[in-house]
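Engineer: What follows is a single structure, and I will ask about it in a moment.
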């Protein structure tokens, strides 16, 4: 059984909502990313997304854009993130998901990227700018390696498109909570109940919701519509401020809120 599937089965058995945390690999350094991943795992994260920085992160808002720029300026590469991830895997069995854009994966080579990712202990892959219609080649390589290619569903996705996306989904379905880029929001006005219900009509996989989550209260509000909440910018923001000690505190508070959901 894959680590992602096992994680969601454990959450279901405990009747508990999951916490998926995100940070950008190499921000401010790969050594610090290594440390923070292990901190988040100990503090209650159920799955961790590691961003591979890219110069044109079209799905990301200012906070994660800035993190990508810092990481790239520090010399972070795809190979470097994979090496760091391999080191992390030696320390923890928490599911690890890479999140990046299609260009770095394409330039690295689709097949070799999937193989190297799995060799490094990666369980899943999210590519926000990869359209469903063009995902088949990467999907086939990922499937051969046992790497879950996790799709995103937007508030604007039609039922027909959601059905098609879900037909190839692996791992879990990532529902985007807002129409726009990543970043903390005061309020999320999307009909998340409707979006989640539509996805569950077409997929027998866990449903997660991310984009816009600002903290524990915000996570608690959307938890009833999904199996796990994804939190990125709120964590990357405090990393960008150098407040590394706050990462453990925020992760713990987020998980505590979701346990009560």
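In the working numbering, the protein residues as written are 79 to 339. Ideal Cβ positions, reconstructed from N, Cα and C, are used throughout, including at glycine.
The beta strand (DSSP E) that contains residue 324, what's its start and end?
Structural biologist: For this step, residue 324 is matched to residue 246 along the chain shown. Element bounds for residue 324: not the beta strand (DSSP E) but the alpha helix (DSSP H), 323-338.
Engineer: Which residues in the same chain as residue 115 place their Cβ atom closer than 6 Å to its Cβ, once the five residues preceding and following it in sequence are excluded?
Structural biologist: Your numbering for residue 115 matches position 37 in the chain shown. Answer for residue 115: 126 and 166, listed in chain order.
Engineer: Taking the straight line between their C-alpha atoms, what separation do you get for residue 278 and residue 286?
Structural biologist: Taking the first residue of the chain shown as 1, we reach residue 278 at position 200. Taking the first residue of the chain shown as 1, we reach residue 286 at position 208. When rounded, the distance between both Cα atoms is 11 Å.
Engineer: Rounded to whole angstroms, what's the CA-CA distance from residue 340 to residue 209? Just pull it up for me.
Structural biologist: Past the edges of the chain, shown from 79 to 339, lies residue 340, and the structure says nothing about it.
Engineer: Helix, strand or coil: how does DSSP classify residue 287 here?
Structural biologist: Here residue 287 corresponds to residue number 209 of the chain shown, with the count starting at 1. Residue 287: strand per DSSP, three-state reduction.
Engineer: Taking the straight line between their C-alpha atoms, what separation do you get for residue 134 and residue 149?
Structural biologist: The residue you call residue 134 lines up with position 56 of the chain shown. The residue you call residue 149 lines up with position 71 of the chain shown. Taking the straight line joining both Cα atoms gives about 13 Å.
Engineer: Looking at residue 152: is its Cβ nearer than 9 Å to the Cβ of residue 106?
Structural biologist: The residue given as residue 152 occupies position 74 in the chain shown. The residue given as residue 106 occupies position 28 in the chain shown. Closer than 9 Å, so yes.
Engineer: Going by C-alpha to C-alpha distance, which of 88, 147, 170 and 202 sits closest to residue 120?
Structural biologist: For the purposes of this step, residue 120 is taken as the residue at position 42 of the chain shown. Closest by alpha carbon: 170.
Engineer: For residue 229, which residues from the same chain have a beta carbon less than 6 Å from its beta carbon, with the 5 sequence-adjacent residues on both sides left out?
Structural biologist: In the chain shown, counting from the first residue as 1, residue 229 sits at position 151. Contacts found: 243 and 247.
Engineer: Looking at C-beta atoms only, is the number of pairs between the stretch 93-111 and the stretch 219-238 that lie closer than 8 Å three or more?
Structural biologist: no
Engineer: Within the stretch 194-258, note down every full beta strand (DSSP E) run reaching 3 residues or more, in order along the chain.
Structural biologist: 202-204, 226-228 and 251-254
Engineer: Can you name, in chain order, every residue of its own chain whose Cβ lies under 8 Å from the Cβ of residue 270, other than the five neighbours on each side?
Structural biologist: Locating residue 270 in the chain shown gives position 192, counting from the first residue. Answer for residue 270: 253, 255, 287, 300, 303 and 304, listed in chain order.
Engineer: Could you tell me which of 275, 147, 319 and 202 sits nearest to residue 237, measuring between CA atoms?
Structural biologist: For this step, residue 237 is matched to residue 159 along the chain shown. Of the candidates 275, 147, 319 and 202, the one whose C-alpha sits nearest the C-alpha of residue 237 is 275.
Engineer: So if DSSP puts residue 102 in a beta bridge, which residue, or which two residues, is it bridged to?
Structural biologist: Here residue 102 refers to the residue found at position 24 when the chain shown is read from its first residue. Answer is 129.
Engineer: Between residue 137 and residue 221, how many whole angstroms is the CB-CB distance? I'm expecting something under 8 Å.
Structural biologist: In the chain shown, residue 137 corresponds to position 59, counting from 1. In the chain shown, residue 221 corresponds to position 143, counting from 1. Contact flag wrong, Cβ pair sits at about 24 Å.
Engineer: Once the 5 residues before and after residue 240 are set aside, which same chain residues still bring their CB inside 7 Å of it?
Structural biologist: Here residue 240 corresponds to residue number 162 of the chain shown, with the count starting at 1. These residues qualify, in order along the chain: 231, 276, 277 and 280.
Engineer: Quick check: residue 195 and residue 216, are their CB atoms within less than 9 Å of each other?
Structural biologist: Position 117 of the chain shown, counted from the start, is the residue given in the question as residue 195. Position 138 of the chain shown, counted from the start, is the residue given in the question as residue 216. Cβ distance not < 9 Å, so residue 195 and residue 216 don't count as in contact.
Engineer: Would residue 128 and residue 97 qualify as a contact pair, given that the criterion is a beta-carbon distance under 9 Å?
Structural biologist: Your numbering for residue 128 matches position 50 in the chain shown. Your numbering for residue 97 matches position 19 in the chain shown. It is not a contact, given that the beta carbons lie outside the stated cut-off.
Engineer: Would you report the Cα separation of residue 201 and residue 159, rounded to the nearest angstrom?
Structural biologist: Here residue 201 refers to the residue found at position 123 of the chain shown. Here residue 159 refers to the residue found at position 81 of the chain shown. Rounded to the nearest angstrom, the two C-alpha atoms are 14 Å apart.
Engineer: For residue 84, is the classification buried or exposed, using 16 other Cβ atoms within 10 angstroms of its Cβ as the cut-off for buried?
Structural biologist: By one-based count along the chain shown, residue 84 stands at place 6. Exposed, since its Cβ has fewer than 16 Cβ neighbours within 10 Å.
Engineer: Going by DSSP in three states, residue 137 sits in which element: helix, strand or coil?
Structural biologist: Here residue 137 refers to the residue found at position 59 when the chain shown is read from its first residue. Correct three-state label for residue 137: coil.
Engineer: How big is the Cα-Cα spacing for residue 267 and residue 174?
Structural biologist: Within the chain shown, the letter at position 189 stands for residue 267. Within the chain shown, the letter at position 96 stands for residue 174. Roughly 30 Å between the two C-alpha positions.
Engineer: Leaving out five residues on either side along the sequence, give the residues of the same chain with a beta carbon under 7 Å from the beta carbon of residue 325.
Structural biologist: For the purposes of this step, residue 325 is taken as the residue at position 247 of the chain shown. Closer than 7 Å at Cβ, skipping near neighbours: 114, 117, 118, 313, 316 and 317.
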